[in-house]
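**Student:** The following block contains the structure, expressed as structure tokens.
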Amino acid sequence: MGSYNATSWYTYGVFEMLSGRTWSALEAPQPMNAGTEADQSEYSTITSVSCSSQTSCVAVGYYEDDAGPNKGYFHGLIETLSGGTWWRAPATPAGELGTDLDGDQNAKLEGISCVTAGACTAVGSYNDASGSSYGLIESLSGGNWTATEAPEPADAGNDGAGTQDVTLTGVAMLVDRLLRTDRQVQRRRLERATPTV
Numbered sequence: 001m002g003s004y005n006a007t008s009w010y011t012y013g014v015f016e017m018l019s020g021r022t023w024s025a026l027e028a029p030q031p032m033n034a035g036t037e038a039d040q041s042e043y044s045t046i047t048s049v050s051c052s053s054q055t056s057c058v059a060v061g062y063y064e065d066d067a068g069p070n071k072g073y074f075h076g077l078i079e080t081l082s083g084g085t086w087w088r089a090p091a092t093p094a095g096e097l098g099t100d101l102d103g104d105q106n107a108k109l110e111g112i113s114c115v116t117a118g119a120c121t122a123v124g125s126y127n128d129a130s131g132s133s134y135g136l137i138e139s140l141s142g143g144n145w146t147a148t149e150a151p152e153p154a155d156a157g158n159d160g161a162g163t164q165d166v167t168l169t170g171v172a173m174l175v176d177r178l179l180r181t182d183r184q185v186q187r188r189r190l191e192r193a194t195p196t197v
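Per the working numbering, the very first residue in the sequence shown carries number 1; after that it's consecutive.
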């Protein structure tokens, strides 16, 4: 996963897929409001991917839009692999996200971790209407993505102009239930392999 420059000089997200021993490249699907070569705001990239099985993956990144007088601002992007096909969707925006009209429409997703097909957490950053940047957490539960602002350290400051600058780039999820299940399976195997007297 990542991005590539096309012959048009525009940048697109890409997946590298392994089937057997052969790798193949697949362009990541673009959201409906993504920029185009015609409006000169064509850019998207895939920054992270997490797979809960061989056939279930979720990838995140960001793309440029084509709307408003300040077109070309970034939005978070979520791509889901299901049934062998990648499906695209814009990420749910945080409540205080800026807009194209105020010139502060920026949101990017940089990392994701999935423990099951329906339980994922993605992280990144977004700008509010004042231009401040905040950490962004997107959580998938019950088939719906929910965006929340990431908590900041107690001594988080600003850049001197009154704007914050926080970005999250990675996430790790540990599921105790899965670990307990794995330990139970190992214990049963050991009990079966131990001869009785």
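Even for Gly, the Cβ is constructed at its ideal location relative to N, Cα and C.
Between W141 and A117, what straight-line distance do the alpha-carbon atoms span, to the nearest angstrom?
**Tutor:** At residue 141 the sequence reads Ser, which differs from the Trp that was named. One C-alpha to the other measures close to 10 Å.
**Student:** Would DSSP call G76 helix, strand or coil?
**Tutor:** Three-state result, G76: strand.
**Student:** Determine the contact status of A91 and L109, defining contact as a CB-CB distance below 9 Å.
**Tutor:** Result yes, Cβ atoms of A91 and L109 sit closer than 9 Å.
**Student:** Skipping 5 residues on each side, what residues in its chain have a beta carbon closer than 6 Å to that of L81?
**Tutor:** Result list for L81: C57, in chain order.
**Student:** Taking the beta strand (DSSP E) that A28 falls in, what are its first and last residues?
**Tutor:** Where A28 is concerned, there is no enclosing beta strand (DSSP E), given that its DSSP letter is neither H nor E.
**Student:** When you compare each of S52, P31, G124 to P151 by their alpha carbons, which one comes out closest?
**Tutor:** Considering only alpha carbons, the answer is G124.
**Student:** Count the other C-beta atoms from every protein chain shown that fall within 10 angstroms of the C-beta of C51, then say buried if there are 16 or more, exposed otherwise.
**Tutor:** That one is exposed.
**Student:** Quickly, what does DSSP pair E64 with across the bridge? List them, please.
**Tutor:** Answer by DSSP bridge pairing, in chain order: F74.
**Student:** Express the C-alpha separation of S24 and L18 in angstroms, rounding to a whole number.
**Tutor:** Between L18 and S24, the C-alpha separation is close to 7 Å.
**Student:** For S133, which of A122, E149, G2 has the nearest alpha-carbon?
**Tutor:** Residue E149 is the option with its Cα nearest to S133.
**Student:** Taking just the CA atoms, how far does V115 sit from Q30?
**Tutor:** If I take the Cα positions, the gap works out to 25 Å.
**Student:** Mind checking whether I137 and V49 have CB atoms under 9 Å apart?
**Tutor:** Going by C-beta atoms, I137 is not nearer than 9 Å to V49.
**Student:** Classify Y12 as helix, strand or coil using the three-state DSSP reduction.
**Tutor:** The answer is strand: DSSP assigns Y12 an E or B state.
**Student:** When DSSP labels each residue in this structure, what does E110 get in the three-state scheme?
**Tutor:** Strand.
**Student:** Whose C-alpha, out of Y4, M1, P153, T11, is nearest the C-alpha of A34?
**Tutor:** Of Y4, M1, P153, T11, the residue nearest in Cα terms is T11.
**Student:** State buried or exposed for V175, treating a residue as buried only when at least 16 other CB atoms are found within 10 Å of its CB.
**Tutor:** Legend: pLDDT at V175 = 48, less than 50; position of this residue unreliable, no value from coordinates given.
**Student:** Out of I78, L77, E42, F15, which one is the CA nearest neighbour of T7?
**Tutor:** Nearest option by C-alpha distance: E42.
**Student:** Does the Cβ-Cβ distance between L77 and A147 come in under 9 Å?
**Tutor:** Contact: no.
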